[in-house]
Structures are given as structure tokens and as C-alpha cells.
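Student: Can you read through this structure? Questions will come right after.
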Amino acid sequence: MADQVLLILAERDGRRIAGALNLNRRDALYGRYWGCTEEVPFLHFELCYYQAIDAAIARGLKTVEAGAQGEHKLARGYVPVTTWSAHYIPDRNFRRAVADSSRAGSVGVELGPKDYLAALTPFRRADLDS
């Protein structure tokens with residue numbers, strides 16, 4: 321499993337202060353967890369995006385998937401794609417709460433046209449169509 325996990329760490333004065341955990345599968349790197357013990361401007365982007373992209377290029381991977389949410393990802397070249405998931409939640413009350421939250425969250429996604437989101441990326445329109 322070691323070849324399927326990429327942990328990117330930041331240190332200050334010999335102490336680890338932040339880390340980003342990525343999972344590698346086939347031809348993609350999936351960024352999943354981030355944490356820090358102190359706030360450093362732009363460190364999140366360096367570890368979670370720029371270092372992950374660099375690692376993916378070095379490994380010959382085609383895709384870096386940075387996870388859901390975060391308009392800040394658009395300016396860094398992460399174009400949103402539609403994804404699906406399926407879950408079974410045994411507790412009826414919790415299942416209802418998750419369903420309500422999911423419906424509320426998906427409204428913004430459905431109403432936000434891809435052209436609008438694409439305009440917020442650093443790419444020209446022709447780059448996105450290919």
C-alpha cells in the first residue's frame with residue numbers, strides 16, 4: 321500500500337507543522353486530508369495543490385483530484401467535474417439529515433452553470449473544450 325499513499329509534509333525548525341495526505345490510484349492522485357499545527361500563509365496551497373501536482377507529474381499521472389468544495393480551487397486550475405457517490409446510513413434520523421443536507425448542497429451546484437465556473441479558472445475557453 322505504500323506506493324498508493326503520498327504524504328507531503330512541511331517542517332519549520334526541524335518540526336513538522338503541516339501535512340497533506342494523498343491517495344494514488346491508477347492514473348490519478350486524490351488529495352484527501354490536510355492538517356496543520358500553525359497557520360502559515362499559502363502553505364495549504366503549496367502542500368495540497370502545487371506539491372501534489374508536481375508529484376503527479378513526476379509519477380506520470382494524468383489527474384490530480386483535489387476533492388470537493390472550495391471556490392479557491394478554480395483560480396488554481398481545478399475545474400469542477402460532476403461526481404456521484406452512494407452510501408447506506410443505517411440510522412433513519414441521521415440518514416434523513418444527510419439527505420436534507422445533500423439536497424441543499426446540490427442546489428447550488430445545479431444552478432451554477434459550468435460556463436460561469438469555467439470563467440473563474442485561469443484557462444481560455446478553448447482549453448476547457450478539448
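For the sequence shown, the residue numbers in my numbering are 321 to 450. Cβ atoms here follow ideal geometry from the backbone N, Cα and C, with glycine treated the same way.
(1) Might you give, ordered along the chain, the residues of its own chain that have their beta carbon closer than 6 Å to the beta carbon of residue 340, omitting 5 neighbours on each side?
(2) Tell me whether the segment 380-387 and the segment 346-364 touch, counting them as touching only if at least three CB pairs, one residue from each stretch, are closer than 8 Å.
(3) Can you tell which of 344, 345, 337 has the C-alpha that lies nearest to the C-alpha of residue 358?
(4) If you draw a straight line from the alpha carbon of residue 332 to that of residue 362, how long is it in whole angstroms?
(5) Under the assumption that residue 343 contacts residue 360 (Cβ atoms under 8 Å), give the Cβ distance between them as a whole number of angstroms.
(6) Please determine, among 396, 381, 391, the residue with the shortest C-alpha to C-alpha distance to residue 370.
(7) Taking residue 438 as the reference, which of 422, 413, 393 has the closest Cα?
(8) Go through its chain and collect everything with a Cβ distance to residue 427's Cβ below 8 Å, but skip five positions before and after it.
(9) Would you mind sorting residue 417 into buried or exposed? The rule is 16 or more other CB atoms within 10 Å of its CB.
(10) Could you give the residue range of the beta strand (DSSP E) that holds residue 348?
(11) Determine the closest residue to residue 379 out of 410, 415, 323, 414, with distance taken between C-alpha atoms.
Tutor: In this structure, then:
(1) 328, 354, 367, 368
(2) yes
(3) 337
(4) 15 Å
(5) Not quite, the Cβ-Cβ distance comes to about 24 Å (not below 8 Å), so this is no contact.
(6) 396
(7) 393
(8) Residue placement at residue 427 is flagged as unreliable, the pLDDT there being 49, under the threshold of 50; the coordinate-derived value follows with that caveat. Counting only Cβ-Cβ distances below 8 Å, and skipping sequence neighbours, we find nothing.
(9) exposed
(10) 348-356
(11) 323
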